[in-house]
Amino acid sequence: RYSFASYVRGVRNWIIRLGFGAFVWHLFAVSLGWLGIEPLVTINFGTLLHSDNTIINTGLAVLSGVLVAIVGDFFYYWMHRAQHAVPLLWRMHATHHSIRELTAWNCHHHISEPLVYAALVALPLRLFHFESGVVPVVAMTLITFQAHLSHSSTRINLGPLRYIIGDNKFHRIHHSLEAHHRRRNYGFFTTIWDTVFRTAYWPSKNEW
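Counted the way UniProt numbering counts, the sequence shown spans residues 1 to 208.
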């Protein structure tokens with residue numbers, strides 16, 4: 001069971017963080033204009049999304065969104081590992097790991113983390129330009145849904161799809177206090193990078 005107070009704290013912290021995050025992302029966008037940073041690679045999904053079949057178009061948009069999210073998660077994975085390895089970053093990230101009643105609503109982070117995301121995830125992603133209006137929107141929608149699922153307390157999970165997309169059963173291991181779960185499951189959207197870099201821990205059927 002989870003206390004009502006934990007939900008209230010979670011909502012309060014989300015409001016504060018979203019407000020500060022909006023300021024950080026606005027400043028980030030303005031700074032990119034000042035610095036004149038241009039993409040090095042352009043990935044054009046537009047040619048894929050011109051079928052006369054709405055179902056095919058929708059499927060391709062979702063698939064493209066997943067691919068974009070996986071690319072972005074490569075940078076998130078290494079940022080997250082740095083947060084656990086670099087003392088200064090850990091002092092901020094420890095706020096997230098200090099939560100004892102972890103739910104989709106009460107999964108807040110330190111207020112300064114948008115600054116870290118901007119520097120270590122968004123800035124490298126700026127080197128890629130995804131040419132299609134709908135794909136980034138689809139990617140962000142999928143990431144937002146998955147972020148809430150991965151911290152949720154429900155027993156509903158993604159099953160075998162977990163070997164590609166992270167879910168609550170996979171991410172709960174990352175928050176575990178058990179010694180054999182430490183330094184595991186850093187990925188946010190996908191589990192692919194944990195598999196590639198050998199930090200994946202696959203929970204057994206009855207393990208959480």
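Just so it is clear, CB atoms sit at the ideal spot from N, CA and C, and this is done for glycine as well.
Note on the UniProt domain "Fatty acid hydroxylase" (66–199): whole beta strand (DSSP E) runs with a minimum of 3 residues are 128–131, in chain order.
Distance from the CA atom of residue 206 to the CA atom of residue 162, rounded to whole angstroms, is 16 Å. Contact between the stretch 52–60 and the stretch 24–43 is not established, with fewer than three Cβ pairs separated by less than 8 Å.
Residue 28 and residue 103 have their C-alpha atoms roughly 29 Å apart. DSSP places residue 206 outside both helix and strand once states are collapsed to three, so it counts as coil. Residue environment: residue 196 is assigned as exposed (fewer than 16 neighbouring CB atoms within 10 Å of its CB, all protein chains considered).
With 16 or more other Cβ atoms inside 10 Å of its own Cβ, residue 191 counts as buried. Comparing C-alpha distances from residue 106 to each of 112, 98, 113 shows the shortest one belongs to 98. Cβ neighbours of residue 72 within its own chain (closer than 6 Å, five residues either side excluded): 125. The beta-carbon separation of residue 110 and residue 84, rounded to 14 Å, does not stay under the 8 Å limit for a contact.
Restricting attention to 127, 203, 204, the CA atom closest to the CA of residue 38 is found in 127.
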